[in-house]
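*Asks:*
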Amino acid sequence: MSTSILRHASTSAGILTAFAIVGTALLAVTYLVTRPIIAETEKQAKLALIGQILPRSQYDNDIIKDAALLPPSAELGNKEPTPVYRASKQGRPYAAVLEVVAPDGYSGKIRMIVAIKADGVVSGVRVVTHNETPGLGDYIDIAKNAWIRIFEGKSLSKYPDRDWKVKKDGGKFEHMAGATVTPRAVVKAVHKSLKYFNANRDNIFSLPADSPHP
Amino acid sequence: MSAPHVLTPDRSVSTIMLMVLGALVPAICAYYYFFGPAILISLALASVTAIAAEAAMLRLRKYPLKFFLFDGSALLTAWLLALSIPPMAPWWLIVAGTAFAIIVAKHLYGGLGNNLFNPAMVGFAVLMISFPAFMTQWPAPLMLSQHPVGFTEALQYYFSGTLSGVKLDAVTMATPLDTLKTQLQLQHAVSDVQQMPIFGAFGGKGSEIIAAMYLLGGLFLWQKRIITWHIPVSFLATLILIAAVFYGIDGSRYASPLFHLFTGGAMLGAFFIATDYVTSPTTPRGKLIFGAGVGLLEYLIRVFGGYPDGIAFSVLIMNAAVPLIDAYTQPRVFGHNTKAE
Amino acid sequence: MRTLYKFHGGVHPPEHKEESNRLPIAPAPLPKRLTVPLRQHIGNPAIPVVKVGDQVLKGQMIGAADGFISAAVHAPASGTVSAIEPHAVPHPSGLPDLCITIEADGEERWIERAPLDYRNADPDAVRLRLRDAGVVGLGGAVFPSHVKLNPGAPAGIKTLVLNGAECEPWITSDDRLMRERAAEVVEGIKIMAHLMRPEEVLIGIEDNKPEAAAAMQAACRGTGYEVVVVPTLYPSGGEKQLIKLLTGKEVPAGRRPVNIGVTCSNTGTAYTVHRAVNHGEPVISRIVTVTGNVLEPRNFETLIGTPIAEIVQLAGGARPGTTHYIMGGPMMGFGLDNLNAPLTKAVNCVISASPALFPPAPPPMPCIRCGRCAQACPCELQPQELFWFSHSRNFDKARAYNLFDCIECGACSYVCPSHIPLVSYYRFAKSEIATRDMEKKLAEQARERFELKQQRLEREKQEKAARFAEKAAAAAAAKAAAAASGVEDPEAAAKKAAIQAAVERAKAKKAEAAAKAEGAETPAEKIPQGDSDPLRAKARAESYAASTENNTDS
Amino acid sequence: MVFLGIVLGAVLGYASIRFKVEGNPLVEKVEATLPQTQCGQCGYAGCRPYAEAVAAGKAEPNQCVPGGDNVAKSLADLLGVEFKPVGGGEGSGPKPRQVAFIDESTCVGCTACIKACPVDCIIGASKLMHTVIANQCTGCELCVPACPVDCIAMLPVKENIANWKWHYPVIEIKKAA
Amino acid sequence: MSDSTISYKEIIWNGLWKNNAGIVALLGLCPLLAVSSTVVNGVSLGLATALVMACSNGAVSVVRNWVPNEIRIPVFILIIAVLVTIIQLAMNAYMQPLYLVLGIFVPLIVVNCNVLGRAEAFASKNPVLPSMVDGFVVGFGLTLTLGVLGAMREVFGKGTLFSGIDLALGESARQFVITVFPDYQGFLFAILPPGAFLGLGLIIAGKNWIDQRASKKAQMQPAADLPPSSVTA
Amino acid sequence: MENYFLILIGTVLVNNIVLVKILGLCPFMGVSKKLGAAVGMGAATTFVLTLASGLSYLVDHHFLIPNDLGYLRTLSFIVVIAAIVQFTEMFIRKSSPMLYQVLGIYLPLITTNCAVLGIPLLNVQENHNFIESLLFGFGGAIGFTLVLTLFAAMRERLEGAAIPAPFRGSAIAMVTAGLLSLAFLGFAGLVK
Ligand SMILES: Cc1cc2nc3c(=O)[nH]c(=O)nc-3n(C[C@H](O)[C@H](O)[C@H](O)COP(=O)(O)O)c2cc1C
Ligand SMILES: Cc1cc2nc3c(=O)[nH]c(=O)nc-3n(C[C@H](O)[C@H](O)[C@H](O)COP(=O)(O)O)c2cc1C
Ligand SMILES: Cc1cc2nc3c(=O)[nH]c(=O)nc-3n(C[C@H](O)[C@H](O)[C@H](O)COP(=O)(O)O)c2cc1C
Ligand SMILES: Cc1cc2nc3c(=O)[nH]c(=O)nc-3n(C[C@H](O)[C@H](O)[C@H](O)CO)c2cc1C
Ligand code: SF4
Ligand code: SF4
Ligand code: SF4
Ligand code: SF4
Ligand code: FES
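Residue numbers (this note's numbering), protein chains in the order written: chain A, 1 to 214; chain B, 1 to 341; chain C, 1 to 554; chain D, 1 to 177; chain E, 1 to 233; chain F, 1 to 192.
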């Protein structure tokens with residue numbers, strides 16, 4: 001009895017193993033075939049996103065390659081090292097694209113990318129992910145509203161600190177009635193990232209490119 | 001000819017519903033007084049929609065219209081919904097909410113007496129999650145408004161969406177609860193916030209009087225034995241208790257129990273909404289649990305959650321628990337668990 | 001003063017006792033024809049002991065008790081038995097039941113009436129007397145008193161409760177009885193107490209009957225029996241509620257009062273006990289309230305078997321506007337379809353109903369779970385849940401929510417703002433559950449018998465095989481002798497022939513019968529035609545078929 | 001992966017042999033629900049085989065005609081499947097109870113019905129009149145075709161006061177409608 | 001179900017209507033509800049599922065005779081998991097935006113009971129071609145439900161149809177987006193999870209209604225639908 | 001500590017796996033006709049889901065990631081889950097026949113509960129550490145059990161309701177699930 005069970009079990013195991021091996025092999029092949037394509041698609045997606053706030057014509061380096069990891073900082077709102085992408089024109093630093101998190105959105109974190117030109121002027125801001133209330137707080141999303149473009153061309157020198165607020169709080173930034181929490185968070189985050197950029201400008205452009213995993 | 005051959009003369013479904021409607025009247029008057037005639041338009045819109053939706057559903061389901069249409073329950077749903085959403089909202093908002101309440105929350109379940117969820121609160125919650133922008137803009141009390149809105153003007157706004165001359169912003173503002181919440185996020189202290197003009201003696205200006213009128217109406221219902229004390233008392237007691245605990249911990253970040261009692265939908269909820277027979281437990285112990293649950297959730301959502309007031313959601317969540325509560329709080333039946341010989 | 005306890009709930013409908021309790025009890029005249037149902041009590045119906053055409057005396061036993069839980073019925077007047085057949089009876093089903101009809105001869109010749117000296121008699125003899133006198137509870141359930149008045153419980157009986165609450169509106173028969181014949185009621189109580197040997201005897205009377213309470217108090221003087229006045233609150237007369245009111249004890253669910261050392265009997269019952277034991281008079285009459293939309297509402301001492309129509313006439317007849325009649329009180333009574341139905345021991349009140357007095361119930365609305373019914377329920381049930389489950393035929397749940405603790409008092413329906421006939425649903429569910437339980441039991445028995453049969457067949461097969469093997473061995477031995485012929489087993493052949501013959505005979509008989517009966521249509525009718533009288537055979541077959549259900553014990 | 005495959009295969013192979021289906025308690029529950037009429041109208045040779053088929057998922061729970069929709073519903077509940085009325089189409093209550101009746105004057109005492117009756121409720125000896133113990137008769141009708149002289153009829157059990165049931169309250173509100 | 005008696009008509013009728021996975025069998029509900037906020041999302045995941053089902057049914061049918069009974073299920077799961085991962089990788093490579101939208105519901109096709117269910121109930125007993133057809137049809141039935149639900153939710157929720165089609169078919173497909181109600185406020189309820197549940201409930205009820213009408217036996221127990229006073233006029 | 005508490009609240013109420021994340025619906029609809037069954041299913045799921053969540057974390061972090069085998073994630077998770085279910089079944093069958101009586105019939109059903117795979121995948125997506133993974137699985141399962149129980153009680157009650165014919169059965173159950181989900185949206189924002 002027990003030997004037959006054993007034999008039976010080992011047959012089963014054998015067949016199962018065979019299937020597992022074949023399956024794994026199939027997957028490995030597919031993986032190898034698709035991996036470069038996936039990587040390329042991801043890169044294109046990222047480029048397209050950055051392209052929205054930093055026109056491709058303005059720089060000539062491979063911005064994805066020329067990325068460096070920044071240590072976590074409260075100003076950027078992140079707890080892990082985040083990449084910064086650096087654009088340069090003819091070898092001269094032209095702009096940096098920062099990944100920024102606004103932690104105090106109406107419903108959680110708002111992730112953005114902020115492109116800041118070397119002279120400290122915002123080139124553009126885009127919200128990457130957010131959970132704001134659809135129909136209320138989601139006008140920060142470029143797909144819904146052009147509001148986010150109000151940052152373009154703004155800089156610390158243009159507006160003093162007290163102006164980096166929504167109008168309701170006495171600042172210079174428009175907002176939609178009934179939803180001030182969200183823009184407040186975004187404005188605050190952009191403001192802080194500008195400050196960060198100003199303080200760390202040299203460091204940002206001089207870090208060695210380590211092309212972090214996208 | 002089935003026994004018994006006699007019936008209580010004084011009470012039928014429609015008289016009960018009428019009494020509840022009557023108990024709302026003082027609050028409606030106060031509403032009119034403090035916030036202007038817009039509420040009347042809301043009530044009328046909701047009533048017409050509710051009756052129409054009810055009639056359509058009864059017809060579809062081949063029920064005799066005569067008895068069911070005028071039982072008053074649809075009207076009550078309409079009024080409670082109209083009283084919960086901001087007046088000065090577009091007409092379609094009220095119509096959509098009421099129709100949803102009557103059709104989906106009530107008639108898909110089989111109509112009066114069969115629904116699991118409070119229809120008015122379903123309507124409210126649907127509107128709240130769908131159109132938060134409209135649902136958070138309340139007209140300012142007349143005495144604070146730079147531009148008190150009259151009847152014709154209000155009517156015009158309901159149907160055209162514009163006010164002649166002024167922007168809607170000019171006549172609406174965030175409610176006390178909302179204001180408190182946003183101001184607290186900006187690290188202001190409760191006592192400072194409550195200095196703002198929109199706050200009254202212990203609640204919102206004007207709205208605290210309306211809340212008191214709800215209390216009055218509720219006491220009337222209790223005195224007429226239409227509702228029992230269990231749900232309102234356990235609801236309000238729980239609310240007071242939790243509010244007191246947090247107030248005690250940090251009075252600058254948490255408002256006083258009195259404030260919580262007299263703002264938002266607490267009073268309306270305690271006496272008119274949580275007490276809906278159909279969607280609340282029937283056993284005394286069940287009612288106490290239900291009320292306490294609503295009170296707890298109300299505070300949680302109000303103070304820590306995303307919505308300015310939690311009455312609708314807390315009632316709905318506890319509605320969902322009603323069958324379970326009822327099943328586990330069955331009172332002892334005569335002759336059971338006695339020490340037999 | 002005794003401390004009174006409280007039962008939960010209860011209602012206080014308008015009393016309407018004034019109408020009928022002003023006038024004293026009037027004797028009803030002798031009707032020409034009396035129809036006495038054989039089933040006037042809980043338990044097996046009585047068995048007729050007279051034949052059509054027999055002369056009977058007033059008080060003569062015409063139906064004998066069948067078994068222990070049963071009671072006798074008697075001729076209410078002297079006369080001739082004219083029929084023993086199904087007749088309309090006061091029953092909610094409206095179905096007829098077996099009755100003995102007596103044409104009264106107007107001579108009122110009594111049987112010999114002998115008092116029984118109960119104090120010196122064997123208690124069992126007293127009980128036998130009660131049974132043969134047809135004494136049953138007159139409070140509603142008509143439970144045979146000889147069964148109830150038996151202190152079977154090992155602990156004995158502590159309290160004997162006399163139920164004079166008469167909590168139903170309109171009814172005043174106990175009220176008048178206690179006012180006018182308190183002494184005799186107390187005599188009956190003495191007999192009951194003698195049989196039960198209780199430590200205390202309590203007589204519960206609602207406070208809307210002060211005269212009755214006073215009369216009883218006076219009659220009880222010196223007996224140690226205590227008259228307790230209880231608040232007027234329906235259903236304080238319910239057995240379990242009254243016991244709770246008076247003693248604070250609750251009869252456990254599914255048990256009888258005896259289990260907690262209490263017995264409860266109606267005061268009217270006590271009166272009949274007295275008449276049966278001390279006067280040798282069986283129960284042939286009772287006091288019935290005739291009220292409602294009649295000219296002269298009043299109580300009458302009426303013979304059992306009097307048609308209800310005549311009883312209504314006693315009170316001057318129905319006033320115009322009467323739409324129907326209610327047997328019993330308005331809370332628990334039932335509507336009567338056929339006024340030919342006779343008065344039975346269970347009927348304490350006949351109400352002539354008009355829309356003015358009893359407005360028809362508005363159409364029921366859905367239950368809105370308002371809980372008023374639960375507030376009113378004296379059994380602390382959740383009537384709305386019972387309704388929900390009964391209404392949707394969820395019988396398991398209904399039972400789980402203690403449907404069977406419902407006493408069908410109707411307090412819940414009374415207060416229901418949706419005017420739902422709740423009790424009707426409970427009755428429906430209860431009888432449905434009872435039927436299913438019975439079916440289940442029958443199925444269980446059927447399965448057992450089926451399995452027994454299977455086993456038997458199996459055994460027989462094995463035995464046969466064994467026998468066959470034996471035979472085969474024998475046959476093998478005798479093989480040479482037996483020529484291989486095609487003739488089959490002679491035994492079997494003979495059997496076959498016999499059956500064939502019988503079949504022929506039967507066919508002939510059947511053809512004959514068919515010719516006689518002229519045209520048989522349904523198979524149900526076809527069968528009994530073998531009988532000489534087709535009609536009788538059919539009746540026999542029907543009653544046979546009908547009998548199946550009642551024989552299964554409850 | 002391969003390793004996981006081996007482990008899993010071994011375990012499953014072992015488990016499936018080790019725990020071959022043991023007696024199915026469902027059968028008992030199903031059988032307790034059936035009316036035990038043993039009539040075979042479900043297409044099985046009695047209630048037990050049908051119960052086994054239902055428990056094994058081989059038969060629909062709506063095949064028992066005597067049980068009607070009540071039984072079908074209980075079974076559907078028991079199995080957690082959607083209730084379907086007996087006979088596929090219109091719903092049917094349990095068949096009205098009927099019992100066999102042997103016309104004793106025609107009965108030739110052949111004992112054929114005794115053999116046919118699954119629950120042994122016909123008494124009588126060879127060549128004597130037979131009688132049905134009405135109480136025990138399940139109304140399965142199996143004895144009817146067995147009788148060579150057609151002396152068995154099925155009589156519906158008539159309603160009388162003793163077996164009368166309260167009906168489902170239907171209050172007509174015609175005038176209102 | 002012997003090999004010779006399979007009628008494709010029946011397979012199709014069963015898969016698309018009679019036993020539609022989403023609305024009758026109530027299996028594979030999560031993706032159905034989670035990704036049906038627009039037609040495009042719904043249909044894409046539906047088609048992915050149908051593809052997996054066709055392949056897995058085919059594969060199972062091929063190997064069915066080599067697999068001992070007791071390890072049947074694990075083998076099937078293995079096959080399905082491999083197929084799903086392949087689809088997942090392919091989608092990531094060629095339809096990345098869509099892949100990101102569908103999120104974990106692509107890998108979750110593995111646990112979609114329909115996939116295993118059909119493999120077990122049909123493919124393990126039938127030849128390759130019918131099995132593949134069956135798999136695809138059942139998956140397509142699910143896709144149809146997803147499409148209808150997606151359309152309902154999208155129209156009510158956003159006032160558009162086929163929004164996001166560019167995610168699946170590339171930027172050039174953007175022109176196919178239909179705006180049903182211009183200037184629509186957006187009924188968010190329909191897009192959020194509650195709307196998904198309610199929408200599916202309505203679809204199921206719609207199917208019931210059609211079925212009940214078709215077979216005139218919509219004879220319901222009077223007890224349930226009517227108020228306590230059965231209106232028997 | 002507070003973080004863990006928030007994860008629990010978040011998974012049970014705010015991001016309830018059934019009503020908000022929309023996972024595990026097949027058992028949610030299938031095993032909610034009777035309250036008793038729902039409780040049993042909830043208990044069985046809680047056990048398996050917690051275990052699956054933790055174990056798949058280990059597999060992911062100690063086997064897949066070091067070997068750069070991310071593409072085998074789905075495959076290996078499902079194998080792990082199947083094994084857990086099988087072992088659990090065998091284990092409680094041996095060790096506690098009582099428990100087996102209660103949970104036994106639900107265990108096999110769990111393999112097709114997509115929450116069991118969904119939660120581990122979400123763990124990966126959200127970068128949870130081991131404890132967080134365990135809590136996420138546990139909280140998710142408790143949330144599942146909670147709503148399943150509520151839902152089953154509601155469905156039992158609905159059995160007697162006068163629901164219009166086309167809606168009877170699963171349609172009204174879906175509508176109810178929808179309204180329940182609507183109610184749970186009220187928790188939004190409680191945990192950011
Ligand atoms: C359900 C709901 C969702 C909301 N979502 C957002 C949001 O996403 N972003 C936002 O800024 N405000 C949102 N609000 C509004 C805030 O609660 C607050 O009222 C508002 O931001 C204050 O704006 P005000 O100062 O212009 O009145 C929401 C309110 C509710 C009731
Ligand atoms: C089936 C049945 C059996 C009873 N058995 C007994 C009994 O054994 N002893 C007894 O004292 N009373 C017995 N009773 C009488 C009850 O205790 C009770 O007095 C009777 O049902 C009348 O109650 P009611 O009119 O409140 O309904 C029985 C009653 C019924 C219906
Ligand atoms: C709701 C209800 C009300 C009753 N009211 C009375 C009553 O008022 N008087 C009475 O004698 N019996 C009443 N009964 C019957 C008693 O419960 C009990 O059966 C009776 O007192 C027993 O006495 P008996 O066996 O002599 O009839 C009532 C029963 C019920 C269920
Ligand atoms: C005391 C009381 C409170 C009620 N509250 C509500 C309510 O909050 N919402 C509502 O839609 N209907 C309410 N109703 C009306 C009615 O019960 C309700 O429409 C039913 O839920 C519909 O079946 C209430 C009725 C009463 C008697
Ligand atoms: S009194 Fe009537 S409506 Fe109220 S709960 Fe009871 S049965 Fe329902
Ligand atoms: S009839 Fe039954 S449920 Fe109704 S009040 Fe009386 S005991 Fe309670
Ligand atoms: S049809 Fe029903 S009663 Fe007849 S044998 Fe089958 S299960 Fe038994
Ligand atoms: S007597 Fe006839 S009908 Fe009755 S159980 Fe026996 S075989 Fe069946
Ligand atoms: S449990 Fe999610 S698809 Fe079945």
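Where a beta carbon is used, it is the ideal one built from N, C-alpha and C, also for glycine.
1) Looking at the strands, I want to know which residues DSSP matches up with Trp110(C).
2) In whole angstroms, what separates the C-alpha of Ala524(C) from that of Met154(D)?
3) Give the interface partners of Ser73(A) over in chain F, defined as CB-CB distance under 9 Å, in chain order.
4) Going along chain C in order, which residues have a C-beta closer than 8 Å to the C-beta of Gly209(F)?
5) Say whether chain C places a C-beta atom closer than 8 Å to the C-beta of Leu219(B).
6) Going by Cα to Cα distance, which pick from Thr35(C), Val89(C) and Arg119(C) is closest to Ser78(C)?
7) I want to see whether chain F comes within less than 8 Å of Ser107(A), judged by CB atoms only; does it?
8) Once DSSP output is grouped into helix, strand and coil, what is the label at Ser104(A)?
9) Within 7 Å: the Cβ of Pro27(F) and any heavy atom of ligand 9?
10) Terminal residues of the continuous alpha helix (DSSP H) containing Ile242(B)?
11) Quick one: Cα of Gly63(C) to Cα of Arg131(C), how far?
12) Shorter than 7 Å, the distance from the beta carbon of Gly72(B) to the closest heavy atom of ligand 7, or not?
13) How many angstroms separate the CA atom of Ser392(C) from the CA atom of Pro360(C)?
14) Could you name each continuous beta strand (DSSP E) segment of 3 residues or more that falls completely within the stretch 143-185 of chain B, going from the start of the chain to the end?
15) Could you pull out every unbroken beta strand (DSSP E) segment of at least 3 residues lying fully inside the stretch 12-97 of chain F, listed in chain order?
16) What are the boundary residues of the beta strand (DSSP E) that includes Ala87(A)?
17) Is Gln384(C) near ligand 5, going by C-beta to nearest heavy atom under 7 Å?
*Replies:* Checking against the coordinates, here is how it stands:
1) Lys58(C)
2) Its pLDDT being 39, under 50, Ala524(C) is placed unreliably by the model, and the measurement read from it follows with that caveat. Computed Cα separation, rounded: 7 Å.
3) Correct list: empty, because the minimum Cβ distance to chain F is about 19 Å.
4) Summary: the structure shown does not reach residue 209(F), with chain F confined to residues 1 through 192, and so no result is reported for it.
5) no
6) Thr35(C)
7) yes
8) In the sequence under discussion, the amino acid at residue 104(A) is Asp, which differs from the Ser named in the question. In the structure shown, Asp104(A) sits in a strand (DSSP, three-state: E or B).
9) yes
10) His230 to Ile249
11) 11 Å
12) no
13) 25 Å
14) none
15) none
16) Thr82 to Lys89
17) yes
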